[in-house]
Amino acid sequence: MLACLVERYVAENDTDSIPDPQKNVDGVLKDLNIEGSIDYGVTAISLGSTDFGGLYSEKPLAVIRTAGADDVVRVIRRALESPTLTVAARGNGHSINGQAMAHHGLVIDMKSMSDNNTINVNVNSMYVDVGGGALWSDVLKHCVSEYGLAPKSWTDYLHLTVGGTLSNAGVSGQTFRFGPQTSTATELEVVTGNGEIIVCSNSQNSQLFFSVLGGLGQFGIITRARVLLQPAPDMVRWIRVVYSEFEEFTRDAELLITRQESFDYVEGFVFVNSDDPINGWLSVPLDSNQAFDPTHLPKKTGPVLYCLEVALHYNNHDDPFMMVEKLLGKLRYLKHFRFEIDLTYMNFLSRVDHVEEAARGSGIWATPHPWLNMFVSKKDINAFNRIVFQNILKNGVNGPILTYPLLRSKWDNRWSVALPKNEMFYLVALLRFTHAHPTESEINQMVAQNEEIVQTCIKNGFDFKMYLPHYNSTVEWKRHFGEQWGRFVNRKRQFDPKYVLAPGQNIFTRNHQF
Numbered sequence: 013m014l015a016c017l018v019e020r021y022v023a024e025n026d027t028d029s030i031p032d033p034q035k036n037v038d039g040v041l042k043d044l045n046i047e048g049s050i051d052y053g054v055t056a057i058s059l060g061s062t063d064f065g066g067l068y069s070e071k072p073l074a075v076i077r078t079a080g081a082d083d084v085v086r087v088i089r090r091a092l093e094s095p096t097l098t099v100a101a102r103g104n105g106h107s108i109n110g111q112a113m114a115h116h117g118l119v120i121d122m123k124s125m126s127d128n129n130t131i132n133v134n135v136n137s138m139y140v141d142v143g144g145g146a147l148w149s150d151v152l153k154h155c156v157s158e159y160g161l162a163p164k165s166w167t168d169y170l171h172l173t174v175g176g177t178l179s180n181a182g183v184s185g186q187t188f189r190f191g192p193q194t195s196t197a198t199e200l201e202v203v204t205g206n207g208e209i210i211v212c213s214n215s216q217n218s219q220l221f222f223s224v225l226g227g228l229g230q231f232g233i234i235t236r237a238r239v240l241l242q243p244a245p246d247m248v249r250w251i252r253v254v255y256s257e258f259e260e261f262t263r264d265a266e267l268l269i270t271r272q273e274s275f276d277y278v279e280g281f282v283f284v285n286s287d288d289p290i291n292g293w294l295s296v297p298l299d300s301n302q303a304f305d306p307t308h309l310p311k312k313t314g315p316v317l318y319c320l321e322v323a324l325h326y327n328n329h330d331d332p333f334m335m336v337e338k339l340l341g342k343l344r345y346l347k348h349f350r351f352e353i354d355l356t357y358m359n360f361l362s363r364v365d366h367v368e369e370a371a372r373g374s375g376i377w378a379t380p381h382p383w384l385n386m387f388v389s390k391k392d393i394n395a396f397n398r399i400v401f402q403n404i405l406k407n408g409v410n411g412p413i414l415t416y417p418l419l420r421s422k423w424d425n426r427w428s429v430a431l432p433k434n435e436m437f438y439l440v441a442l443l444r445f446t447h448a449h450p451t452e453s454e455i456n457q458m459v460a461q462n463e464e465i466v467q468t469c470i471k472n473g474f475d476f477k478m479y480l481p482h483y484n485s486t487v488e489w490k491r492h493f494g495e496q497w498g499r500f501v502n503r504k505r506q507f508d509p510k511y512v513l514a515p516g517q518n519i520f521t522r523n524h525q526f
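Structure follows, in C-alpha cells:
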C-alpha cells in the first residue's frame with residue numbers, strides 16, 4: 013500500500029532551484045505504490061542532503077523509506093521512467109564528500125528497511141544473513157551475545173551499514189589476516205540499476221557479485237548480505253608501543269602482518285612529538301592511570317613519532333602473557349613506551365564509541381570532517397613519511413593519523429575497488445576534526461592541505477589510490493581506476509545502463525555516453 017508522508021518544502025536560500033514536491037507527487041511519484049513511505053518533510057530532506065563530512069549538500073526530491081527489496085525495485089523502476097531522476101542509497105550518513113546524495117533525485121534511507129531487524133545466524137555453516145541497511149554494531153551484539161560468534165573482519169567504527177562498507181571495502185586491524193570486509197561476504201542480494209532483484213555469489217551471477225563489492229554503489233544496492241562468522245573470543249589484550257624511527261616502525265608492522273604466528277589485530281598511527289593534548293603524546297596511553305614520559309625519548313627525535321597498535325584475542329581460562337611477550341620480543345620499539353590493557357572483545361571492537369560520545373558532547377561530531385583516506389604502496393611509504401608525515405603534517409590534523417600495512421593478496425582482483433600495484437601497501441587515514449565552531453577559513457585550509465598531499469603523491473609518481481574516493485571529473489576517475497577503467501565502464505553499462513544509481517560519486521551522469 014502507498015504510505016506517503018507529504019510536507020511542504022521550506023525554501024531556505026535559492027527557491028528557484030528547489031523542486032515543488034506537490035508537482036512531483038502529481039507527476040513521477042504520485043502512483044508509486046510502496047510498502048514504505050515517501051517523505052518530503054524538512055527533516056527528511058535535511059537528512060538526505062547532509063553527511064558526516066559536512067562539505068557538500070545536495071537536496072533530494074524526496075527520502076524514500078523502503079520496507080524491503082521490493083520497494084527498492086519499485087523506486088528504481090520509477091526512476092528509469094524518467095530521463096533525469098537518480099537514486100542514491102544512504103546508510104548511516106558517514107560519507108565524507110556527498111557520495112550518498114542525489115541532487116533533485118531520490119535518496120533511499122537504507123536504515124529504515126524492516127529486513128535490517130532480521131539477523132539470521134546459521135551456526136552449522138558459520139554465517140549470518142543480514143539486511144544491507146543493518147549496522148555492524150547490531151550484527152556484532154546479536155552474533156556475540158546470542159551465539160558466541162562474530163564476523164571475521166571489521167572497521168574501526170561500527171555504526172556503519174553492512175551494504176555501505178561492502179560497497180567500498182571495509183578495513184581495520186584484522187584486514188592483514190582475513191582481508192577487508194568484502195572478503196567475508198559470500199552471497200549478496202542486490203537490486204541492480206535495471207530494477208531487478210538478483211542473488212549473487214562467487215558461483216551464481218558472479219559478475220554482479222564481484223562488481224558490487226567495492227563498486228561504490230554504481231551497479232546495485234545491496235539489500236542483503238551473507239557474512240562468514242568465527243568463534244568470538246572472550247577477551248582482548250590491547251597494546252600500544254612507540255617508535256622514534258619510521259623505518260623501525262614499518263619493519264615491525266610488516267613483520268607482524270607477514271608472520272603466520274602473530275597478533276589478531278595490527279594497526280598504527282603517527283602522532284606529534286609534543287604535549288599537544290589532541291595530536292601529541294597524550295593520545296597514546298590507553299588508560300587514565302598510564303602516562304607518557306617524554307624524558308625517556310631519545311635525545312634526537314623528529315617532529316613526529318609512531319605508534320604500533322596490536323591486540324591478541326584470548327578466552328577467560330587463558331593467560332595471554334607468554335604469547336604477548338613472545339610476539340613483542342621480536343620488535344624494536346622504545347622499551348619505556350609500552351601501554352596495555354585488557355578488555356572484553358565487545359568493548360574492544362566498540363572502542364571508538366567513547367570517542368564519538370566525547371565528540372558529540374563537545375559539539376565537534378556535528379561539524380565538518382575533511383577526512384582523507386588513501387592507500388600508498390610500500391615502495392613509496394618512506395618518501396611519503398619524509399614529505400607528508402614529517403613536513404606537511406608535522407603539526408597534526410586535530411585527530412588520528414592512521415597508517416599501517418595491508419597485503420594485496422588478501423584482496424580479490426575481481427572486485428571493483430582500485431588498489432596500488434605493490435603486494436604490500438599502507439592505509440593512510442587523516443581523520444580530521446574541526447573546532448566546535450569552525451570558520452570557513454579553517455575548513456578550507458584542511459581541504460587545501462588534503463589536496464596538497466594528493467598532488468604531492470602525483471608529482472612524485474607515488475603508487476597510490478584513494479580509498480573512499482571522490483573526484484569531480486572523468487579524467488580523474490580514469491586515472492584512479494587505471495587499467496580497470498574499461499572494466500568499470502562495462503559493468504556500469506551492464507548493470508546500470510541508464511546511470512540511475514549513486515550520482516553523488518560524480519563518476520557517471522544520466523545520458524552520459526562513453
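The sequence shown begins at 13 in the numbering used here and counts up by one. We put the beta carbon where it would ideally sit given N, CA and C, even for glycine. A quick note: this is a predicted structure, and the numbers were derived from the prediction, not measured.
Every unbroken beta strand (DSSP E) within the stretch 401-479, with a cutoff of 3 residues, ordered by chain: 413-419, 436-442, 476-478
Spatial neighbours of V512 in its chain, beta-carbon cut-off 8 Å, leaving aside the 5 residues before and after: I88, A91, L92, L97, T98, V99, G205, R522
Complete beta strand (DSSP E) runs within the stretch 223-280 (minimum length 3 residues, chain order): At a cut-off of 3 residues, the continuous stretches assigned as beta strand (DSSP E) that sit fully inside the stretch 223-280 are 232-243, 247-255.
Whole-number beta carbon distance between P95 and E266, since they are thought to touch under 8 Å: Contact flag wrong, Cβ pair sits at about 52 Å.
Residues bridged to G48 (per DSSP): G48 pairs with nothing; no bridge assigned.
Same chain, Cβ closer than 7 Å to G66, five either side skipped, listed in chain order: T379, P380, H381
Segment limits, beta strand (DSSP E) that includes S389: 384-389
Close-in-space but distant-in-sequence residues of the same chain around S184 (CB under 8 Å, 5 per side omitted): S165, W166, T167, D168, Y277, E279
Coil, strand or helix - D63 by DSSP: coil
Where H482 sits in the DSSP three-state scheme: If DSSP states are grouped into helix, strand and coil, H482 belongs with coil.
Coarse secondary structure for S58, derived from DSSP in three states: Residue state, collapsed to three classes: helix.
Selected residue, minimal CA-CA separation from K510, among G207, S389, R398, P245: Nearest of G207, S389, R398, P245 to K510, Cα basis: G207.
Whole-number beta carbon distance between V248 and A323, since they are thought to touch under 8 Å: 5 Å
Secondary structure, beta strand (DSSP E): runs of 3+ residues fully inside the stretch 312-350: 316-326
I210 - containing beta strand (DSSP E), residue span: 209-213
Buried versus exposed, by CB contacts within 10 Å (16 or more), F507: buried
Cα-Cα separation, E488 to M334: Looking at the two C-alpha atoms, the distance is approximately 50 Å.
Whole-angstrom C-beta distance between W250 and L355, which should lie under 8 Å: 6 Å
Continuous beta strand (DSSP E) stretch holding I76: start and end: 74-77
For D546, the first and last residue of its enclosing beta strand (DSSP E): Absent from the model: residue 546. The displayed extent of the chain is 13 to 526, so no value can be given.
Classification of Q302 by the beta-carbon crowding that lies within 10 angstroms, buried from 16 upward: exposed
Per-residue DSSP class, three states only, for F283: strand
Simplified DSSP state of R372, which is helix, strand or coil: It is helical.
E201, enclosing alpha helix (DSSP H) - first and last residue: Note, E201: premise wrong, no alpha helix (DSSP H); beta strand (DSSP E) at 197-204.
Three-state class that DSSP yields for A303 in the structure shown: Here A303 sits in coil by DSSP.
For P163, the three-state DSSP class (helix, strand or coil): strand
Contact belief for K504 with H492 at Cβ below 8 Å, rounded distance in angstroms: About 14 Å; that fails the 8 Å criterion.
Beta-carbon proximity of A441 to N397, cut-off 8 Å: no
Outcome for V54 when other beta-carbon atoms lying within 10 angstroms are tallied against a minimum of 16: When all chains shown are included, V54 counts as exposed.
Within 8 Å, strictly: CB atoms of N70 and A114: For the record, residue 70 in the displayed sequence is Glu; it is not Asn. Using a Cβ distance threshold of 8 Å, E70 and A114 count as a contacting pair.
Between the CA atoms of P481 and D475 - distance to the nearest angstrom: 15 Å
Close beta carbons around N462, own chain, < 8 Å, minus the five adjacent residues each side: P382, L384, L442
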